[in-house]
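S.K.: Dropping a structure here in structure tokens format, bear with me for questions.
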Amino acid sequence: MNVSVNLPGLNLKNPVMPASGCFAFGKEFAQFYDLSNLGAVIMKAATKERRFGNGTPRVAETASGMLNAIGLQNPGVESIITDEIPFLKNYHLPIIANVAGSTVEEYVEVAEKISPHVDAIELNISCPNVKEGGVQFGTDPALAKEVTRDVVEVSNIPVYVKLSPNVTDIVGMALAAEEAGASGLSMINTLTGMRIDPKTRKPVIANGTGGLSGAAIKPISIRMIHQVYQAVTIPIIGMGGIESAEDVLEYLLAGASAVAIGSANFKNPFICKEIIEELPAVLARYGFSSVKEAIGGAHHEKVETPVLRS
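For the sequence shown, counting from 1, position 87 maps to 128 in the working numbering; every step adds exactly one.
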């Protein structure tokens, strides 16, 4: 069974990688299995300066998912280049840097510094848990186009733009990124949510709102990828609630060329390895001889999905 996938800048031995923010920089998970098994790794977000993130509590469980408002905590791009990337270079896998910022200039500076050290950039214009930057770039097509264009200009590697689901027109955002020169898309980031403690009558998370991830958001992500696949020509890395090899197949059929696994790593640190091992049998069970054959497989018949225009 051929499970390899070739994307711009990324020759993946299989389509499975851990999602940014749910795998840190791999050191903890390397104690459980050989990271070379992964198709690639997407590192935790890098910003210009060290960030300590939001106040605690920052995580809360929900039915079939979790809320988080970490706030892009990271040691800063210089430390990531010096202290984290050399460790990942010990493994035979492509490295994707998640780049975040508060201004266009900050995005550009971080991308310029880190691009010589990694294989691709995931441009994070969709974090819902920071006051400046993040989702404000991911909900305005003009801003998304501007920051994508400027980052592409200074990067000598492919740029994948991570889209926010917190918009009325996901296709419009995808087209803006493609027109600005993105090599691919990552979708989706978390949905903004909230829980309230009945005793205190206050939000459970100190930030008030947080990003909802996990199995609860999978149908939303599948729908958005299905819509976007029909509108763009660049590849999609799909994510949102993947917990099994059958989930991976569902994403491939919707139009994803590869997938990233997030929240499930917290429940089962072996989840990526297990899914990689199970994927060939699942593909064979449904009549596929390769991953490539399954990509976009749900589009042989036209399915109308509603498009909301702002």
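Heads up, the beta-carbon is just placed ideally off N, CA and C, and yes, glycines get one too.
These numbers come from a predicted model, not from an experiment.
Please state whether the Cβ-Cβ distance between A325 and L293 is less than 8 angstroms.
M.R.: no
S.K.: Alpha carbon to alpha carbon, what distance is there between E163 and F128?
M.R.: 19 angstroms
S.K.: What residues match up with N165 in a beta bridge as DSSP calls it?
M.R.: K203
S.K.: Considering only the beta carbon of each residue, do V118 and V151 sit closer than 8 angstroms?
M.R.: Yes. Within cutoff.
S.K.: When we look at the beta-carbon of E146 and count the other beta-carbons within 10 Å, is it buried (16 or more) or exposed?
M.R.: Label assigned to E146: exposed.
S.K.: Ordered along the chain, which non-local residues of its own chain (more than five positions away) have a Cβ less than 7 angstroms from that of I317?
M.R.: In chain order, N55, V57, N78 place their CB closer than 7 angstroms to the CB of I317, counting only its own chain and leaving out the 5 sequence neighbours on each side.
S.K.: Any idea what DSSP makes of M280, helix, strand or coil?
M.R.: Strand, per DSSP.
S.K.: Which first and last residues belong to the beta strand (DSSP E) in which N139 is found?
M.R.: Residues 136 to 140.
S.K.: Give the range of the alpha helix (DSSP H) segment to which N306 is assigned.
M.R.: 305 to 308
S.K.: Please state the DSSP three-state secondary structure of E69.
M.R.: coil
S.K.: So, using beta-carbon positions, are M84 and N139 closer together than 8 angstroms?
M.R.: yes
S.K.: Reducing DSSP to helix, strand and coil, say where L320 ends up.
M.R.: helix
S.K.: Would you tell me roughly how many angstroms separate the C-alpha atoms of V269 and V188, rounded to the nearest one?
M.R.: 20 angstroms
S.K.: Measuring only the C-alpha atoms, how far is G296 from S120?
M.R.: 36 angstroms
S.K.: Pick from A86, G279, I237: whose alpha carbon is nearest that of I261?
M.R.: G279
S.K.: Should N47 go down as buried or exposed, given a rule of 16 or more other Cβ atoms within 10 Å for buried?
M.R.: Per the 10 Å Cβ criterion, exposed.
S.K.: Look at I275 and A339 and say whether their C-beta atoms are less than 8 angstroms apart.
M.R.: Taking C-beta atoms as the reference points, I275 and A339 fail to come closer than 8 angstroms.
S.K.: Compute the Euclidean distance between the alpha carbons of L290 and T97, then round it to the nearest angstrom.
M.R.: 36 angstroms
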